[in-house]
Amino acid sequence: MPFSKVKPITILMADDDEDDRLLTQDALAESR
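Here numbering that gives the first Met the number 0 is used: position 18 in the sequence shown is 17, and no number is missing along the way.
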């Protein structure tokens, strides 16, 4: 898909577990 067609999205997450937040942050960083 051309970069000009890419639309950003917002993902709202709420989690009170520190480990889950770190795992999610790592997964999102690796997916970029």
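Yeah, the Cβ is synthetic: ideal placement off N, Cα and C, and Gly gets one too.
Could you check the C-alpha separation between Arg31 and Ile8 for me, to the nearest Å?
For the purposes of this step, residue 31 is taken as the residue at position 32 of the sequence shown. For the purposes of this step, residue 8 is taken as the residue at position 9 of the sequence shown. Arg31 and Ile8: Cα-Cα distance of roughly 13 Å.
In angstroms, rounded to a whole number, what distance separates the CA positions of Glu29 and Asp16?
As a working mapping, residue 29 is identified with position 30 in the sequence shown. As a working mapping, residue 16 is identified with position 17 in the sequence shown. When rounded, the distance between both Cα atoms is 20 Å.
Please go through the same chain and pick out, in chain order, the residues whose beta-carbon is closer than 6 Å to the beta-carbon of Arg20, but skip the five residues on each side of it.
Indexing the sequence shown from 1 puts residue 20 at position 21. Asp14, listed in sequence order.
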